[in-house]
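Following: one structure in structure tokens, then a few remarks.
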Amino acid sequence: TARVIDGRAVAARLRERLAAEIASLPFAPKLVVLLVGDDPVSAVYVRNKDKAARAAGFTSETERLSAATTEAALLARIAALNDDPEVDGILVQLPLPRHIRTEAVLDAIDPAKDVDGFHPLNAGLLAIGRPALVPCTPKGVMTLLAEAGVPVAGARAVVIGRSNIVGRPMAALLTLADATVTLAHSRTRDLAAECRRAEILVVAAGRPGLVRGDWVAPGACVIDVGINRLADGRLAGDVAYAEALPHAGWITPVPGGVGPMTIATLLANTLAAARARRGVGAIAA
Ligand code: NAD
2 TARVIDGRAV AARLRERLAA EIASLPFAPK LVVLLVGDDP VSAVYVRNKD KAARAAGFTS
62 ETERLSAATT EAALLARIAA LNDDPEVDGI LVQLPLPRHI RTEAVLDAID PAKDVDGFHP
122 LNAGLLAIGR PALVPCTPKG VMTLLAEAGV PVAGARAVVI GRSNIVGRPM AALLTLADAT
182 VTLAHSRTRD LAAECRRAEI LVVAAGRPGL VRGDWVAPGA CVIDVGINRL ADGRLAGDVA
242 YAEALPHAGW ITPVPGGVGP MTIATLLANT LAAARARRGV GAIAA
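For the sequence shown, the UniProt record's numbering assigns the number 2 to the initial residue and increments by one for each residue that follows.
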């Protein structure tokens, strides 16, 4: 039966390490989160980011903007934060209201303050093997693999999902770590067969129970990124967990696996951005 990877514990250790580092700096790195509109799920995410940032010794501010905020007003706010020397990290919580173009907003963030790693410059640097600020969820997965001692170099890895937030940067990071990567998605023919070849299987499709137990090769490492709210209110991943458990060598639970790593990694990115901007150490890959 699989070793269950405890993302809460790994994230807690990472946050402690960051807090210790910040305590030794002559300044508190500052994160500003922009939340446009009143999506309740986004509000919860933003509150958790703010809490974790403060607990680790960051200065954290959340700016709540009304759902009626124009794109021009949001872009003007971002420009001001870009110019503010006290601000190290800028995060615009997604999704944005429909009348605002997400791309225009992401393009406007100073790449040096882009702690989500969604700016095209940072995405491009990752794609050509020069990672700078890297998206938090896939970077958090790499930390989990390292902490669990999962061999990555030379391994056959399959990633399900090709979003810019998770799947695509995940494939790039695994490639950089010398895995042999297959990027699968909704048009993949015979997904089960692709999965069965995987020594590392990262699932980020947003489809509860998509990956069945018999899709998991014996001893494989299964990383479940999915967070799905079921009709009965419970959270579930994209992997049929109970089915996969006896096949896998390692597995992440939902909740308590990848989820906690995302915020801890956001804080790591913010500290790295602060160090790089203020000339105290380069951004670590
Ligand atoms: P997305 O909807 O942008 O992308 C989903 C991808 O999965 C697409 O590329 C699509 O082609 C693929 N896909 C969808 N259905 C599929 C199917 N049946 N078979 C194969 N591929 C399929 O989603 P996203 O933003 O990448 O998020 C994916 C999941 O991860 C969601 O459940 C989301 O809530 C979760 N998520 C978790 C965290 C975290 O911190 N743990 C962070 C971001 C996203």
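Note that the Cβ used here is the ideal one computed from N, Cα and C, for glycine as well. Remember, it's a predicted structure, so these values are computed and weren't measured experimentally.
Do the region 41-49 and the region 86-96 touch if we need at least three Cβ pairs shorter than 8 Å? yes
Please classify PHE119 as buried or exposed, where buried requires at least 16 other C-beta atoms within 10 Å of its C-beta. buried
Return the residue from the list PRO30, ASN123, ILE161 and VAL182 that minimises the CA-CA distance to ARG55. The shortest CA-to-CA distance from ARG55 to any of PRO30, ASN123, ILE161 and VAL182 is the one to PRO30.
Which partner residues does ILE201 have in the DSSP bridge list? ALA158 and CYS222
Suppose you measure from the CA of ASP108 to the CA of ILE161; what does that come to, to the nearest Å? 26 Å
Buried or exposed, going by whether 16 or more other CB atoms sit within 10 Å of the CB of LYS52? exposed
Helix, strand or coil for ILE6? Go by DSSP, reduced to three states. coil
From VAL226 to GLY260, what distance separates their C-alpha atoms? 7 Å
Please name the residue or residues paired with GLY90 in a DSSP beta bridge. LEU32
When you compare only the Cα positions, how much space is there between ASN270 and ASP117? 8 Å
Check for me: the beta strand (DSSP E) holding VAL182 runs from which residue to which? Its beta strand (DSSP E) spans residues 181-185.
CB-CB length for SER61 against LEU32, believed under 8 Å: 5 Å
Looking at the unbroken beta strand (DSSP E) that takes in ARG65, where does it start and where does it end? 60-66
Measure the CB-CB distance between GLU195 and THR183 and report whether it falls below 8 Å. Yes, Cβ-Cβ distance for GLU195 and THR183 is below 8 Å.
Tell me which residues share the same chain as VAL167 and place their Cβ nearer than 8 Å to its Cβ, disregarding the 5 neighbours each side in the sequence. PRO136, THR138, PRO139, ALA205 and VAL226
When the Cα of residue 1 is compared with those of LEU134, GLU244 and PRO170, which residue comes out closest? Lying before the first or after the last residue shown, residue 1 is absent from the chain, which here runs from 2 to 286.
Taking 8 Å as the cut-off, decide whether the C-beta atoms of LEU268 and ALA57 are in contact. yes
Restricting to Cα atoms, I'd like to know which of ALA124, THR144, ALA218 and GLU200 is closest to ALA173. Of the listed residues, the one whose Cα sits closest to ALA173 is ALA124.
What separation, rounded to the nearest whole angstrom, lies between the Cα atoms of VAL281 and ALA274? When rounded, the distance between both Cα atoms is 10 Å.
Can you tell me which of the three DSSP states ALA286 falls into? Confidence is the limiting factor: at ALA286 the pLDDT is only 46, short of 50, which leaves the residue's position unreliable, though a coordinate-based value still follows. If DSSP states are grouped into helix, strand and coil, ALA286 belongs with coil.
Ordered list of alpha helix (DSSP H) runs contained in the region 205-262, each at least 4 residues: Whole alpha helix (DSSP H) segments, 4+ residues: 242-245.
In chain order, which alpha helix (DSSP H) runs of at least 4 residues are fully inside the region 98-177? 103-109, 121-128, 137-149 and 168-177
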